[in-house]
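Below: one structure, written as structure tokens.
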Amino acid sequence: MKMEINKDIERILFTEKELSTIADNIAGQINTDYKGKELLVVGVLKGSVIFLADIFRRLSLDCRLDFITASSYGSGYESSGRIIIKKDIDTDIKGKHLLLCEDILDTGNTLFYLRQNLIDRGAESVRICALLDKPSRRQKPVTPDYYGAQVPDEFVVGYGLDYDERYRNLPYIGILKPEIYM
Ligand code: PRP
């Protein structure tokens with residue numbers, strides 16, 4: 185597909201086909217692990233939406249969907265580590281099995297906070313599903329229960345991931361040219 189924003193991409197990390205295979209594999213694991221259980225999938229807005237849509241429609245479980253929006257104080261690329269919930273879930277989660285769905289696990293600040301917050305509110309279990317894992321930047325002890333791939337510390341965009349709210353609509357994941365964000 186020809187898109188004018190393609191020119192800002194240095195190289196493609198994961199093609200549409202590769203992302204589809206990743207979604208097949210992760211959804212397959214989730215279907216096996218939660219067989220016979222009810223599952224509440226919680227998408228962390230906004231970055232997770234494309235990945236979540238691909239995972240969710242591959243699930244054959246009895247599952248429900250909700251969304252949460254978290255934000256760290258501060259701006260730009262560096263996370264401050266202090267997280268607030270800007271939009272909360274609507275579902276009563278007491279005794280429920282939750283799967284937090286994210287596009288990327290970076291410092292871990294967001295998911296570390298959200299996981300504990302949801303456990304504190306009575307969830308029976310909270311697991312993490314992240315498309316991408318960037319372990320080199322981790323500040324909190326959190327690892328994904330399900331993930332697609334580990335990525336180096338480069339600026340990845342597309343398939344939901346943004347730079348300054350742009351590039352989420354790229355159907356693949358690519359590395360942004362440094363001159364775009366320098
Ligand atoms: C990104 C991403 C995760 C978070 C990961 O969200 O979607 O939620 O950062 O970073 P962390 O592991 O360092 O906490 P962002 O705040 O950019 O918002 P977005 O989802 O709307 O793009």
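At the far end of the sequence shown sits residue 366, using our numbering, and the numbering has no gaps. Just so you know, even glycine gets a beta-carbon here, dropped at the ideal spot from N, CA and C.
When the options are compared against residue i, the one with the closest alpha-carbon
i: VAL340; options: LEU289, LEU236, GLY220, TYR330; result: LEU289
i: TYR257; options: ILE273, ILE268, GLU338, CYS247; result: ILE268
i: ASP304; options: GLY279, ASP317, ASP274; result: GLY279
i: ASP250; options: MET366, GLY292, ILE273, MET187; result: ILE273
i: LYS318; options: GLY306, GLU349, GLU286; result: GLU286
Residue i versus residue j: straight-line alpha-carbon distance, rounded
i: GLU222; j: ASN209; result: 20 angstroms
i: GLN323; j: PRO336; result: 15 angstroms
i: GLY276; j: GLY212; result: Sequence check: residue 276 is Asp here, not Gly. The straight-line gap from Cα to Cα measures roughly 26 angstroms.
i: ALA207; j: PHE240; result: 9 angstroms
i: ILE252; j: LEU243; result: 20 angstroms
i: HIS281; j: GLN300; result: 14 angstroms
i: PRO325; j: PHE296; result: 7 angstroms
i: ILE352; j: LEU236; result: Looking at the sequence shown, residue 352 is not Ile but Arg. The straight-line gap from Cα to Cα measures roughly 13 angstroms.
i: ARG266; j: THR291; result: 12 angstroms
Under the three-state DSSP convention, the category residue i falls into
i: GLN323; result: coil
i: TYR347; result: strand
i: GLU363; result: helix
i: LEU197; result: strand
i: SER309; result: strand
i: VAL335; result: coil
i: ASP238; result: helix
i: ASP329; result: coil
i: LEU316; result: strand
i: LEU224; result: strand
i: LEU245; result: coil
Quick one: any contact between the stretch 328-346 and the stretch 312-320, if contact means 3 or more CB pairs under 8 angstroms? yes
Secondary structure, beta strand (DSSP E): runs of 3+ residues fully inside the stretch 252-305: 267-271, 281-289
Is it a yes or a no for the stretch 189-209 touching the stretch 356-363, going by three-plus beta-carbon pairs under 8 angstroms? yes
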